[in-house]
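In the UniProt record's numbering, the protein residues as written are 1 to 142.
Structure first, commentary second.
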């Protein structure tokens, strides 16, 4: 009998969902994790309000949620799957970007000395402004 009550109490707990939300048309936004549960977020409008605060969109309030690959518009809270990726948009149309499969443009660990980077500069362009160049220390000679 205790096995039955344990099972029913497990089913009565609120469903917690965690999704990764991107900004519509922003290829440089890495995405923001939004975690919500059914007690706090009981309607789709409340979910949109939570996402608006989470992604801090430059277009204002989030009005639409899309799937990133097809741009299918999500209209109900039941359609959101935990662990899924979604795109938050305002009143503008969905802008398809390859947000899921792209690698970040910059990553830590791209540290090269100035001599090495200048020798390679004619062969490969710098990918981003976050490259760090280390200059050899040379004390002033007097």
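Note that beta-carbon positions come from the ideal geometry of N, C-alpha and C, so glycine has one too.
For clarity, every value in this text was computed on a predicted model and none was experimentally measured.
Note the first and the last residue of the continuous beta strand (DSSP E) segment covering residue i.
i, result
"residue 80", "Unbroken run through residue 80: none, as it is neither H nor E."
"residue 37", "32 to 37"
"residue 17", "16 to 23"
"residue 64", "64 to 66"
Starting from residue i, trace the alpha helix (DSSP H) in both directions and tell me its first and last residue.
i, result
"residue 49", "44 to 55"
Is it buried or exposed, residue i, if we count other Cβ atoms within 10 angstroms and call 16 or more buried?
i, result
"residue 75", "exposed"
"residue 58", "exposed"
CB-CB under 6 Å to residue i, same chain, minus the five flanking residues each way: which ones, in chain order?
i, result
"residue 84", "19"
"residue 25", "95"
"residue 62", "48, 51, 52, 88"
"residue 54", "32, 34"
"residue 21", "32, 34, 51, 55, 86, 88"
"residue 108", "Here the model assigns residue 108 a pLDDT of 44, short of 50, so the residue's position is not dependable, and the following value carries that caveat. Correct list: empty, nothing qualifies."
Measure how close the beta-carbons of residue i and residue j come, nearest whole angstrom, since I'm counting them as under 8 Å.
i, j, result
"residue 15", "residue 34", "At roughly 14 Å, the Cβ-Cβ gap does not stay under 8 Å, so residue 15 and residue 34 are not in contact."
"residue 29", "residue 77", "In fact, because the Cβ distance is near 23 Å, the residues do not count as touching under 8 Å."
Identify, in the order they occur along the chain, each residue of the same chain with its Cβ nearer than 8 Å to the Cβ of residue i, setting aside the five sequence neighbours on each side.
i, result
"residue 73", "64, 65, 66, 94"
"residue 92", "24, 25, 59"
"residue 41", "47, 50, 77"
"residue 80", "17, 19, 47, 65, 74, 86"
"residue 90", "24, 57, 59, 60, 61, 62, 63, 64"
To which residues of the same chain is residue i closer than 7 Å at the C-beta, ignoring the five residues directly before and after it?
i, result
"residue 71", "94, 96"
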